[in-house]
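Peer 1: For the sequence shown, the residue numbers in full-length UniProt numbering are 1 to 361.
Where is the CB? At the ideal position from N, CA and C, for every residue including glycine.
Just passing along the structure, written as structure tokens.
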Amino acid sequence: MPTEIMPLPERVESLASSGLTTIPKEYVRPESERDSLGDAFDEAMKLNSSGPQVPVVDLAGFDSPDEAVRAKCVEELKKAAEDWGVMHIVNHRIPLELIDRVREVGKGFFDLPVEQKEKYANDQASGEIQGYGSKLANNESGQLEWEDYYFHLIFPEEKTNLSLWPKEPEDYIEVTKEFAKELRVVVTKMLSMLSQGLGLESGKLEKEIGGMEELLMQMKINYYPKCPQPELALGVEAHTDVSSLTFLLTNMVPGLQLYYGGKWVIAQCVPDSLLVHIGDTLEILSNGRYRSILHRSLVNKERVRISWAVFCEPPKETIVLKPLPELVTEAAPAKFPPRTFKQHIQHKLFKKTQEDFTSPK
Ligand SMILES: [Fe+2]
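Quick look at the structure:
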């Protein structure tokens, strides 16, 4: 059978290093998306202490032998999950040296020449999304995002395919495996606290999304090159995460913007923290008590931004996600219809296509 050879998409890194001063039209966002769009460093400068800011939750209290201290910690996390749906967590107990190594090996991979990274290119046309990639234009406008990425499954270990992970730098695999294990412990802790926040048993949410065997952790390393016109481009367009929880680590370059209280608010960089998003899956299970917030990534002129996002996802088809019966009452009827994770993703894509179709071009 003849196979069609698809040209590789152009990498944003190659484009950025070509010395261009204006960005190609595919990267220019429509007027309707340009509210508070700007250089991430300028937006971060505007952040002032009187305005709303992503909350910081200290998890240390949850390890306390004192029940009242633990309860206070759960309460803080619950408030952040209800109000923002996103928070910085500190005292997560992942060794900080390990986090620095994760940053080093990820940067080490992206420091390789583009030709070398192409050996790991994913094959989106055939459905293999693991590997090195860039967004393909999937709508009529051909809209693209200012980033390249590396995507692969990191947990459970027996479901990973190491042949799709970077082999360079040579300690990439060892460091990433170790990080996955440590982060998995934090996932359980967060789910347990969030369950308690809803008045449920500690293990409830974890069980509902697949537990140790079925819950998948997918890592996406986002590489955002410097952009000559950050006021026109987005690294990642506005979306809510479909996951249960998403963990985000960065190289301390700002860029994440949250849509809170009718305004775009940039997230500050908090040393030694991880940022956590409540994803759609927990919004559904909690019947909307925890929220999945709209967010996007800005780019900037001065520094490359790298972020490591780990999406914790339920299995695609074996679990039907719906508001937990304990949280559905006459006063709070179910806000979401039952759907598998796969159906939820399809529903979102369908809705988006409809919106693209009906919105003025
Ligand atoms: Fe996201």
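When DSSP builds the beta bridges, which residues end up paired with Asn-222?
Peer 2: Beta-bridge pairing links Asn-222 to Tyr-149 and Ser-307.
Peer 1: Between which residues of its own chain and Gly-106 is the CB-CB distance below 7 Å, once the five residues before and five after are set aside?
Peer 2: Taken in chain order, the residues that qualify are Ile-221, Ile-306 and Trp-308.
Peer 1: So which of Lys-301, Pro-65, Glu-237 and Arg-289 has the shortest CA-CA distance to Lys-352?
Peer 2: The residue with the shortest Cα to Cα distance from Lys-352 is Glu-237.
Peer 1: Is the beta carbon of Asp-280 within less than 8 Å of some heavy atom of ligand 1?
Peer 2: No, the Cβ of Asp-280 stays beyond 8 Å of every heavy atom of ligand 1.
Peer 1: Please check the pair Ile-278 and Val-86, which I expect to be a contact at CB under 8 Å, by giving their CB distance rounded to whole angstroms.
Peer 2: At roughly 7 Å, the Cβ-Cβ gap stays under 8 Å, so Ile-278 and Val-86 are in contact.
Peer 1: Here's the rule: buried if 16 or more other CB atoms are within 10 angstroms of the residue's CB, otherwise exposed. What is Thr-22?
Peer 2: That one is exposed.
Peer 1: Do the stretch 261-277 and the stretch 49-60 make contact, defined as three or more Cβ pairs closer than 8 Å?
Peer 2: Contact between the stretch 261-277 and the stretch 49-60 is present, because at least three Cβ pairs lie under 8 Å.
Peer 1: Under the rule that 16 or more other beta-carbon atoms within 10 Å means buried, what is Pro-95, buried or exposed?
Peer 2: Flag for Pro-95 reads exposed.
Peer 1: Can you tell me whether Asp-280 is buried or exposed, with buried defined as 16 or more other CB within 10 angstroms of its CB?
Peer 2: Buried, by the Cβ-count rule.
Peer 1: Taking 8 Å as the cut-off, does the CB of His-277 come closer than this to any heavy atom belonging to ligand 1?
Peer 2: Checking every heavy atom of ligand 1 against the Cβ of His-277, one is found closer than 8 Å.
Peer 1: Nearest to Ile-154 by CA position, among Trp-146, Leu-164 and Asp-148, is which residue?
Peer 2: Of the listed residues, the one whose Cα sits closest to Ile-154 is Leu-164.
Peer 1: Asp-99 to Pro-254, Cα distance in whole Å?
Peer 2: In the sequence under discussion, the amino acid at residue 99 is Ile, which differs from the Asp named in the question. For Ile-99 and Pro-254, the distance between alpha carbons rounds to 18 Å.
Peer 1: Spell out a yes or no on whether the stretch 131-149 and the stretch 178-187 are touching, meaning 3 or more CB-CB pairs, one atom from each, closer than 8 Å.
Peer 2: Output reads no: the stretch 178-187 does not touch the stretch 131-149.
Peer 1: Indicate the three-state DSSP secondary structure (helix, strand or coil) for Met-212 in the structure shown.
Peer 2: DSSP places Met-212 in helix when its eight states are reduced to three.
Peer 1: Buried or exposed for Met-212, please, with buried defined as at least 16 other CB atoms from any protein chain shown within 10 angstroms of its CB.
Peer 2: Exposed is the call here.
Peer 1: If you drop the 5 nearest sequence neighbours on each side, which residues of the same chain put their C-beta closer than 6 Å to that of Ile-284?
Peer 2: Here the set comprises Leu-321 and Phe-336.
Peer 1: Does the beta carbon of Ala-309 fall short of 8 Å from some heavy atom of ligand 1?
Peer 2: Because some heavy atom of ligand 1 lies under 8 Å away, the Cβ of Ala-309 counts as near it: yes.
Peer 1: Following a CB-centred definition, is His-295 positioned closer than 8 Å to any heavy atom of ligand 1?
Peer 2: Indeed, a heavy atom of ligand 1 lies less than 8 Å from the Cβ.
Peer 1: Using a threshold of 9 Å, state whether the C-beta atoms of Glu-317 and Thr-340 are closer than that.
Peer 2: In contact: Glu-317 and Thr-340 (Cβ atoms closer than 9 Å).
Peer 1: Expressed to the nearest angstrom, what Euclidean distance is found between the alpha-carbon atoms of Tyr-27 and Tyr-120?
Peer 2: Going by the C-alpha atoms only, they are around 24 Å apart.
Peer 1: Taking 8 Å as the cut-off, does the CB of Thr-246 come closer than this to any heavy atom belonging to ligand 1?
Peer 2: Within the cutoff, so yes.
Peer 1: Could you tell me which whole alpha helix (DSSP H) segments of length 4 or greater appear in the stretch 264-352?
Peer 2: Runs of the alpha helix (DSSP H) inside the stretch 264-352: 280-285.
Peer 1: Cutting at 6 Å between CB atoms, please list the residues of its own chain near Leu-349, excluding the five before and the five after it.
Peer 2: Closer than 6 Å at the Cβ level, and outside the excluded window around Leu-349, lies no residue.
Peer 1: Consider the C-beta atom of Val-304 and the heavy atoms of ligand 1; say whether any pair is separated by less than 8 Å.
Peer 2: No, since every heavy atom of ligand 1 falls outside the 8 Å radius drawn around the Cβ of Val-304.
Peer 1: Might you give, ordered along the chain, the residues of its own chain that have their beta carbon closer than 7 Å to the beta carbon of Gln-124, omitting 5 neighbours on each side?
Peer 2: Contacts found: Gly-133 and Leu-136.
Peer 1: Starting from Asp-241 and walking both ways along the beta strand (DSSP E), at which residues does that stretch end?
Peer 2: Asp-241 -> no beta strand (DSSP E), and no H or E assigned at all.
Peer 1: Go ahead and label Asp-162 buried or exposed: buried means 16 or more other beta carbons lie within 10 angstroms of its beta carbon, across all protein chains shown.
Peer 2: Reading off the sequence, residue 162 comes out as Leu, not Asp. Exposed, by the Cβ-count rule.
Peer 1: Run the CB neighbour count on Ala-40, radius 10 Å, all protein chains shown included, and call it buried at 16 or more, exposed below.
Peer 2: Its Cβ being crowded by 16 or more others within 10 Å, Ala-40 is buried.
Peer 1: Kindly list the residues whose CB is nearer than 8 Å to the CB of Gly-38, restricted to its own chain and excluding five residues on each side of it in sequence; keep chain order.
Peer 2: Closer than 8 Å at the Cβ level, and outside the excluded window around Gly-38, lie Pro-230, Glu-231 and Leu-298.
Peer 1: May I ask you to verify whether the stretch 182-201 touches the stretch 73-81, counting CB pairs closer than 8 Å and requiring at least 3?
Peer 2: Judged by Cβ distances under 8 Å, the stretch 182-201 makes contact with the stretch 73-81, as three or more pairs qualify.
Peer 1: Quick one: is Asn-300 buried, meaning 16 or more other Cβ sit within 10 Å of its Cβ, or exposed?
Peer 2: Answer is buried; the Cβ neighbour count reaches 16.
Peer 1: Taking only three categories from DSSP, how would you classify Ser-17?
Peer 2: Three-state result, Ser-17: coil.
Peer 1: For the candidate residues Arg-184, Asn-91 and Thr-329, whose alpha-carbon lies nearest to that of Met-217?
Peer 2: Nearest option by C-alpha distance: Arg-184.
Peer 1: What residue range does the beta strand (DSSP E) around Asn-257 cover?
Peer 2: Per the sequence presented here, residue 257 reads as Gln, with Asn not at that position. Note, Gln-257: beta strand (DSSP E), 256-260.
Peer 1: Using a Cβ-Cβ cutoff of less than 8 Å, which residues in the same chain neighbour Lys-226 once the five nearest sequence positions on both sides are dropped?
Peer 2: Within the same chain, Lys-226 has close Cβ partners Ala-16, Val-299, Asn-300, Lys-301, Glu-302, Arg-303 and Val-304.
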